[in-house]
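Input: a single structure, listed below in structure tokens.
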Amino acid sequence: MHLEINKVTKKYGSFTALSVFSATLESGIYGLLGPNGAGKSTLANIVCDTLKPTSGDILYNGVSTKKMGKEYRNLLGFAPQVSSYYKDFSTRYFLEYMGMLKEIGSKADIKKRVDEVVDILNLTDVEKKKIGKLSGGMKQRVGIAQAILNDPKILILDEPTAGLDPKERIRLRNILSKMSFDRITLIATHIVSDIEYIAGKVMLLKKGNLIEFGTLDEILSSINDKVFKITVPKNEVDEYSIKYKVVNVIGDGNMAELRIVSDSAPNAEKMVSVKPCLEDAYLFYFDELNISNKVDLHD
27 MHLEINKVTK
37 KYGSFTALSV
47 FSATLESGIY
57 GLLGPNGAGK
67 STLANIVCDT
77 LKPTSGDILY
87 NGVSTKKMGK
97 EYRNLLGFAP
107 QVSSYYKDFS
117 TRYFLEYMGM
127 LKEIGSKADI
137 KKRVDEVVDI
147 LNLTDVEKKK
157 IGKLSGGMKQ
167 RVGIAQAILN
177 DPKILILDEP
187 TAGLDPKERI
197 RLRNILSKMS
207 FDRITLIATH
217 IVSDIEYIAG
227 KVMLLKKGNL
237 IEFGTLDEIL
247 SSINDKVFKI
257 TVPKNEVDEY
267 SIKYKVVNVI
277 GDGNMAELRI
287 VSDSAPNAEK
297 MVSVKPCLED
307 AYLFYFDELN
317 ISNKVDLHD
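Here this note's numbering = 1-based position in the sequence shown + 26.
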């Protein structure tokens with residue numbers, strides 16, 4: 027099983043949202059990482075056939091998805107970044123309704139499958155509640171539940187952890203890991219922790235361009251010798267933040283330990299090269315701090 031994204035471009039007038047994107051995906055989890063506006067949602071919608079590319083094609087096992095039509099769409103599960111719901115539907119009724127639209131099977135088959143996904147996504151306590159009264163995080167879980175209802179061969183999740191608390195984020199990562207062996211899972215996100223521990227391969231998307239694609243080790247090897255630590259007086263933190271890309275600051279008394287990403291070794295005493303992580307790569311390539319970064323200055 028493989029999905030080939032072949033030179034896909036999407037333009038809106040003179041603006042290019044996605045530029046000649048090519049990648050071949052097989053069974054496993056892929057992380058599509060990039061800042062807001064990078065083109066992640068555009069790619070996700072094109073793969074899911076809810077948005078037509080300006081040029082290029084998607085092939086499943088060598089066959090154009092344009093020719094496959096409904097046959098291809100039946101293989102998909104998609105949880106978009108922003109979902110619309112019937113607010114007066116209960117969680118269960120909504121999932122059963124989606125089961126009918128996805129043509130999962132008989133009423134008994136649908137009920138059985140809804141029971142399974144309600145348990146998987148920890149929705150038992152709210153299955154009788156109206157969706158309009160659910161929290162944002164709970165609605166997000168309902169969206170993911172409908173995406174996996176048909177046991178899809180291709181699962182696309184766009185910013186899937188928005189609104190989820192840390193415990194539910196970990197739970198979702200574990201669920202996706204267990205489900206990844208016999209399907210293609212693409213997670214589009216700007217949050218490093220969503221994919222750092224579960225993605226077999228990572229794609230870095232910047233302004234519609236694929237700038238890196240490989241295993242985590244391959245991505246990190248590209249920034250070897252570009253990550254440093256140094257301990258400085260607290261009153262010098264601002265000075266270093268102006269000069270360098272500071273990933274993290276941890277205070278200890280009157281001193282602060284800085285983690286710095288730099289294309290060349292900073293000319294400073296006691297600057298020590300350290301092993302890079304995916305957050306370092308995010309800052310190096312996208313030149314902005316990930317919202318999941320921690321900045322601590324303990325007294």
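By construction, the Cβ of each residue, glycine as well, lies at the ideal position given by its N, Cα and C atoms.
For residue i, which residues does DSSP report across the bridge?
{"i": "Y311", "result": "Paired residue(s): none; Y311 is not in a bridge."}
{"i": "D83", "result": "N32"}
{"i": "F47", "result": "V34"}
{"i": "F207", "result": "DSSP output for F207 lists no bridge partner at all."}
{"i": "P259", "result": "M281"}
{"i": "L69", "result": "Note: L69 sits in no beta bridge, so no partner."}
{"i": "A214", "result": "L58 and D184"}
{"i": "L236", "result": "L231"}
{"i": "V300", "result": "Note: V300 sits in no beta bridge, so no partner."}
Thinking C-alpha only, which one of the options is nearest residue i?
{"i": "A105", "options": "Q166, K179 and L147", "result": "Q166"}
{"i": "K154", "options": "G162, N250, E122 and E129", "result": "E122"}
{"i": "D278", "options": "T68, Y111 and K260", "result": "K260"}
{"i": "V258", "options": "V272, R139 and G125", "result": "V272"}
{"i": "D289", "options": "I31, G162 and D251", "result": "D251"}
{"i": "E262", "options": "M281, H28, I249 and L246", "result": "M281"}
{"i": "C303", "options": "M297, I221, E283 and N235", "result": "I221"}
{"i": "L85", "options": "T50, F310 and G103", "result": "T50"}
{"i": "M164", "options": "I180, R99, L147 and E129", "result": "L147"}
{"i": "N71", "options": "E129, L181 and L242", "result": "L181"}
{"i": "T76", "options": "K193, Y98 and V300", "result": "Y98"}
{"i": "I256", "options": "I276, E238 and M124", "result": "I276"}
{"i": "D243", "options": "M229, N235 and L236", "result": "M229"}
{"i": "T42", "options": "G63, L59, S48 and L58", "result": "G63"}
{"i": "D83", "options": "S248, V34, L309 and E185", "result": "V34"}
{"i": "F312", "options": "V140, I237, C74 and I210", "result": "I237"}
{"i": "Y270", "options": "M126, F239, L160 and D306", "result": "D306"}
{"i": "F310", "options": "S161, L246, N32 and K37", "result": "L246"}
{"i": "V218", "options": "L69, R199 and G158", "result": "R199"}
{"i": "T150", "options": "S206, F254 and A171", "result": "A171"}
{"i": "V90", "options": "L202, A188, S161 and L29", "result": "Residue 90 is actually Ser in this sequence, not Val. Ranking L202, A188, S161 and L29 by Cα distance to S90 puts L29 first."}
Would you decide whether residue i is buried or exposed? Buried here means 16 or more other CB atoms lie within 10 Å of its CB.
{"i": "N176", "result": "buried"}
{"i": "K133", "result": "exposed"}
{"i": "Y112", "result": "exposed"}
{"i": "N87", "result": "exposed"}
{"i": "I268", "result": "exposed"}
{"i": "L102", "result": "buried"}
{"i": "H216", "result": "buried"}
{"i": "N292", "result": "Looking at the sequence itself, residue 292 is Pro, so the reference to Asn does not match. Flag for P292 reads exposed."}
{"i": "I185", "result": "The amino acid occupying residue 185 in the given sequence is Glu; Ile does not appear at that position. With 16 or more other Cβ atoms within 10 Å, it is buried."}
For the alpha helix (DSSP H) that contains residue i, what are its first and last residues?
{"i": "E244", "result": "L242 to S247"}
{"i": "E265", "result": "V263 to K269"}
The beta strand (DSSP E) with residue i in it runs from where to where?
{"i": "Y56", "result": "G54 to L59"}
{"i": "D184", "result": "I180 to D184"}
{"i": "V228", "result": "K227 to K232"}
Inside the region 73-132 only - beta strand (DSSP E) runs reaching at least 3 residues: 81-86 and 102-105
Alpha helix (DSSP H) runs contained entirely in the region 140-178, provided each spans 4 or more residues: 162-174
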